[in-house]
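First to last, the sequence lines map onto chains G and R. Using the UniProt record's numbering, the final residue of the first sequence is 405, and nothing's skipped along the way. Using the UniProt record's numbering, the final residue of the second sequence is 405, and nothing's skipped along the way.
Protein chains: 2
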Amino acid sequence: MNYLLEEKFSKIGAEHAPGQEGRQNIDEIQLRGEKIEGKPVDFSHGDVDAFEPIPGTLDIFIEGVHVGGKQAYTEYRGSEAIRKNVAKKLSNFTGTTIDPEQNFIITPGTQGALFLAMGSWVYRGDKVAIVAPDYFANRKLVEFFDGEAVPVQLDYLQTTTCAGLDLTQLEEAFNSGVKLFLFSNPNNPTGVIYSPDEIREIAELAEKYGAKVIVDQLYSRQIFEGRTYTHLCAQNTIDPENVITIMGPSKTESLSGYRLGVAFGSANIIGRMEKLQAIVSLRAGGYSQAVLKSWFAEPEGWMTKRISEHQAIRDNLIDKLRASGYFQLRTTEAGSYLFPRIPKLDVSISQFVKILRLQAAVTVTPGTEFGSQFTDSFRINFSQDHAAAEGAIERIIKVVEEYRK
Amino acid sequence: MNYLLEEKFSKIGAEHAPGQEGRQNIDEIQLRGEKIEGKPVDFSHGDVDAFEPIPGTLDIFIEGVHVGGKQAYTEYRGSEAIRKNVAKKLSNFTGTTIDPEQNFIITPGTQGALFLAMGSWVYRGDKVAIVAPDYFANRKLVEFFDGEAVPVQLDYLQTTTCAGLDLTQLEEAFNSGVKLFLFSNPNNPTGVIYSPDEIREIAELAEKYGAKVIVDQLYSRQIFEGRTYTHLCAQNTIDPENVITIMGPSKTESLSGYRLGVAFGSANIIGRMEKLQAIVSLRAGGYSQAVLKSWFAEPEGWMTKRISEHQAIRDNLIDKLRASGYFQLRTTEAGSYLFPRIPKLDVSISQFVKILRLQAAVTVTPGTEFGSQFTDSFRINFSQDHAAAEGAIERIIKVVEEYRK
Chain G
1 MNYLLEEKFS KIGAEHAPGQ EGRQNIDEIQ LRGEKIEGKP VDFSHGDVDA
51 FEPIPGTLDI FIEGVHVGGK QAYTEYRGSE AIRKNVAKKL SNFTGTTIDP
101 EQNFIITPGT QGALFLAMGS WVYRGDKVAI VAPDYFANRK LVEFFDGEAV
151 PVQLDYLQTT TCAGLDLTQL EEAFNSGVKL FLFSNPNNPT GVIYSPDEIR
201 EIAELAEKYG AKVIVDQLYS RQIFEGRTYT HLCAQNTIDP ENVITIMGPS
251 KTESLSGYRL GVAFGSANII GRMEKLQAIV SLRAGGYSQA VLKSWFAEPE
301 GWMTKRISEH QAIRDNLIDK LRASGYFQLR TTEAGSYLFP RIPKLDVSIS
351 QFVKILRLQA AVTVTPGTEF GSQFTDSFRI NFSQDHAAAE GAIERIIKVV
401 EEYRK
Chain R
1 MNYLLEEKFS KIGAEHAPGQ EGRQNIDEIQ LRGEKIEGKP VDFSHGDVDA
51 FEPIPGTLDI FIEGVHVGGK QAYTEYRGSE AIRKNVAKKL SNFTGTTIDP
101 EQNFIITPGT QGALFLAMGS WVYRGDKVAI VAPDYFANRK LVEFFDGEAV
151 PVQLDYLQTT TCAGLDLTQL EEAFNSGVKL FLFSNPNNPT GVIYSPDEIR
201 EIAELAEKYG AKVIVDQLYS RQIFEGRTYT HLCAQNTIDP ENVITIMGPS
251 KTESLSGYRL GVAFGSANII GRMEKLQAIV SLRAGGYSQA VLKSWFAEPE
301 GWMTKRISEH QAIRDNLIDK LRASGYFQLR TTEAGSYLFP RIPKLDVSIS
351 QFVKILRLQA AVTVTPGTEF GSQFTDSFRI NFSQDHAAAE GAIERIIKVV
401 EEYRK
């Protein structure tokens with residue numbers, strides 16, 4: 001038994017991760033009152049039955065299968081033709097130049113891209129700045145690669161004009177030797193967008209200290225009315241060799257089942273990511289890669305409709321949560337996440353999410369997955385059947401009523 | 001620039017890895033004589049156009065897509081229903097009991113299983129015994145996890161009654177502090193099978209020294225006439241918590257394009273592998289997982305026919321290679337690999353494989369990918385169109401004639 005390895009794995013536990021709820025120990029949970037009936041809703045991820053994949057994706061997959069060996073066995077960084085196709089579309093989207101040969105890799109999901117990018121940049125002992133709160137895997141990746149996570153606060157409840165990143169703390173982090181800054185934009189779990197000024201300052205600070213930046217832009221196409229999105233990779237102030245951008249079609253486009261993501265930026269790091277991919281899983285599924293042709297090539301009006309339907313769900317759920325008077329929250333600006341803060345309860349956040357599941361058939365992700373201090377918040381992904389999501393929010397409110405101090 | 005990280009990545013280079021040949025620098029290559037015409041053959045992997053996937057797999061994939069969200073978002077260790085389905089079939093195949101809940105994980109290819117298993121067992125500084133020659137990723141995985149590879153010789157050319165593992169060297173390795181033994185059976189690249197005695201002795205030695213074993217059985221269904229296969233996991237002498245077995249349908253079954261593998265064994269390590277999968281790529285592609293239903297459920301006679309077709313190709317290619325008088329080789333006993341030793345040439349092995357590609361349109365993998373000392377061998381995967389493979393072997397012989405000392 002290697003105790004150091006055992007300790008490392010104890011820090012990357014997946015018991016509370018989205019989708020793993022079925023493996024939780026629920027022996028200690030005692031419910032107050034009866035079950036609250038209603039259609040079960042799993043808010044831990046989007047419902048691809050309510051919001052289906054881009055039309056035609058399965059047909060493109062089938063075409064890929066019929067291409068045969070050439071599609072099954074691509075280069076580790078992905079099929080050359082598909083890299084060209086997608087790099088061009090992402091160059092347009094981000095307003096940058098992406099060379100499909102040097103600066104682009106196709107990965108098994110954005111999770112795959114994150115893992116490869118972190119494994120290519122983090123050496124043991126390296127300090128990595130991580131936003132609090134941010135995507136739960138970010139800190140686990142730092143742990144796995146034996147780095148040291150340095151938290152930078154996001155004061156998302158204190159402002160509405162920017163994401164609320166503490167830039168002074170970020171500069172202190174760089175000044176104290178942080179080599180790499182990893183963050184999601186829009187932020188997961190809060191759904192806030194970094195303002196143009198915040199992105200400009202992040203780029204300038206990184207350049208000043210020679211730090212690297214990985215930005216996870218998974219939800220950057222689903223921008224709600226009145227909001228603008230700024231691409232870090234399009235800032236001229238930062239050395240492009242110090243930036244990796246990650247995207248993928250798993251969320252808004254509902255293609256998670258195909259396990260597709262991409263990373264673009266630094267040629268040196270893309271090269272390392274490919275070497276690492278060669279020993280991690282060889283390549284993103286060959287036939288699946290073909291599906292990327294449908295990405296950024298959706299039918300006319302499809303994306304607009306999808307965004308407005310999500311905005312309508314957002315508005316309804318937020319109205320209900322606010323009307324209850326129990327929650328503090330900030331309106332989602334992009335993506336499908338909401339991160340409500342709950343009042344003091346008689347039970348812990350870990351017990352609360354188990355109670356929600358057992359008593360109200362509602363699955364949410366505890367705030368502690370996004371930073372150990374978020375013991376009073378939970379995340380939902382509201383990409384769900386609209387009526388079912390409303391019913392589930394009503395049940396959450398009832399459970400909070402029942403268990404609050 | 002982190003020079004230690006740069007050095008690590010220099011050791012896991014993928015330039016000569018199968019399928020990456022298009023990225024090689026060929027500026028320094030000078031050809032003797034004309035191009036040798038013939039149908040191009042890529043022996044770096046099997047040709048899934050010549051040997052197609054198990055019939056019906058695409059239909060099962062499409063059914064998986066139609067299942068929707070439940071199939072797209074499985075537990076990280078894979079869909080419960082499919083784990084049950086496959087664990088049962090593999091219990092029958094191996095003659096062991098595999099609990100689908102505790103001892104089984106579905107991974108993105110067997111490469112994914114190897115990475116997760118190694119990442120779950122290797123801590124920095126750990127000594128890991130690696131067979132020479134063996135699958136090229138094995139040593140790279142030890143490098144990536146900061147372990148120390150301890151080679152154990154396979155004298156595959158000196159015997160025909162067993163694989164030829166130097167068991168004395170293996171015991172010395174365990175005695176010197178090696179914690180883990182990783183090997184492929186049948187051996188990649190030589191295609192030899194470990195004898196019942198060898199497997200028994202490996203199990204006994206591992207148990208004696210408390211060492212762990214990972215056995216990669218990727219090609220263990222494609223056993224040629226007159227050969228028997230022994231499953232290490234079925235040896236009663238070794239603590240089952242110290243064994244992980246890896247398999248998958250990418251080779252004989254031609255399902256590589258779906259990126260599917262499995263690992264089974266130690267509940268503790270399967271648990272760690274799932275935690276690691278959560279940050280590496282979340283899960284094997286959800287819809288792809290469904291395809292595992294076709295595995296070990298092939299149409300009557302399909303597997304027998306596939307094996308006999310491969311045996312016929314093997315026999316033809318070996319006859320030609322032997323008739324030339326240039327090569328030393330051992331007859332493949334299982335799987336589709338051949339690992340001929342070539343005579344002394346005027347060019348290096350690295351130049352030789354580039355010349356083969358440029359002058360004869362034949363792609364092979366240099367022996368050095370399987371151990372730095374194998375500068376006089378190359379690997380081919382003969383799962384190819386039969387006639388094309390024969391033509392390619394004739395061209396290889398001509399190139400050897402041209403360049404030999």
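Don't be surprised by glycine CBs; every beta carbon is placed ideally from N, CA and C. This structure is a prediction, so every number in the text was calculated from the model and none was measured.
Query                                                                                                                   : Result
Which of helix, strand or coil DSSP assigns to R/K127                                                                   : strand
Below-9 Å beta-carbon distance, R/F327 vs any chain G residue                                                           : no
Own chain partners of G/T332 with C-beta closer than 6 Å, once the 5 adjacent residues on each side are dropped         : G191, R314, L338
Residue burial classification, R/P366 (beta-carbon count within 10 angstroms, cutoff 16)                                : buried
Proximity test, Cβ basis, 9 Å: R/I121 and chain G                                                                       : Looking at the sequence shown, residue 121 of chain R is not Ile but Trp. So, interface residue.
Cβ-Cβ distance between R/P249 and R/R379 below 9 Å                                                                      : no
DSSP state of G/G265 mapped onto helix, strand, coil                                                                    : strand
Residues of its chain near G/E201, where Cβ-Cβ distance is below 6 Å and the 5 sequence neighbours each way are ignored : L167
Cβ neighbours of R/P110 in the same chain (closer than 6 Å, five flanking residues each side left out)                  : According to the sequence as given, residue 110 of chain R is Thr; it is not Pro. Correct list, in chain order: L218, I246, G248, G261.
Rounded separation between R/R259 and R/M273 - CA only                                                                  : 17 Å
R/I342 (DSSP reduced to helix, strand or coil)                                                                          : coil
Endpoints, beta strand (DSSP E) assigned at R/I149                                                                      : Looking at the sequence provided, one finds Ala at residue 149 of chain R rather than Ile. First-last of the beta strand (DSSP E) with R/A149: 148-153.
Burial state of G/S308, where buried means 16 or more other Cβ atoms lie within 10 Å                                    : exposed
Per-residue contacts from R/K140 into chain G (C-beta, under 8 Å)                                                       : A278, I279
Under 9 Å between C-beta atoms of R/Y156 and R/N175                                                                     : no
Reference G/Q169, options G/G147, G/S184, G/G177, G/P151, closest by Cα                                                 : G/P151
contact_flag[the segment 25-36 of chain G, the segment 357-373 of chain G] where n(CB pairs < 8 Å) is 3 or more         : yes
Test: R/I62 CB closer than 9 Å to a CB of chain G                                                                       : yes
9 Å Cβ cutoff met for G/L255 and G/I62                                                                                  : no
Interface flag, R/L218 vs chain G, CB-CB below 9 Å                                                                      : no
Strand pairing of R/V215, partner residues [DSSP]                                                                       : R/F183, R/T245
R/T57 versus R/T74 - alpha carbon distance                                                                              : 19 Å
Close beta carbons around G/P40, own chain, < 7 Å, minus the five adjacent residues each side                           : A361
C-alpha gap between G/I193 and G/V215, whole angstroms                                                                  : 12 Å
Whole-angstrom distance between G/D239 and G/H386, CA atom to CA atom                                                   : 44 Å
Sheet register partners of G/T365 (DSSP bridge)                                                                         : G/R379
Interface positions of the segment 90-116 of chain G facing chain R (Cβ-Cβ less than 7 Å), listed along the chain       : P108, G109, Q111, G112, F115
Where G/G335 meets chain R, residues with beta-carbon distance less than 7 Å                                            : The premise fails here: G/G335 is roughly 17 Å from chain R at the closest Cβ pair, so nothing lies under 7 Å.
Below-9 Å beta-carbon distance, R/T74 vs any chain G residue                                                            : yes
Cβ separation of R/I105 and R/I270, assumed to be a contact under 8 Å, to the nearest whole Å                           : 5 Å
Beta-bridge partners of R/Y337, as assigned by DSSP                                                                     : R/N381
Option nearest R/F144 by Cα separation, candidates G/W121, G/E148, G/A137                                               : G/W121
Proximity of R/K140 and R/G177 at Cβ, strictly below 9 Å                                                                : no
Whole alpha helix (DSSP H) elements within the segment 36-97 of chain G, 4-residue minimum                              : 57-67, 69-72, 80-94
Same chain, Cβ closer than 8 Å to G/T94, neighbours up to 5 away in sequence not counted                                : H231, C233, A234, T245
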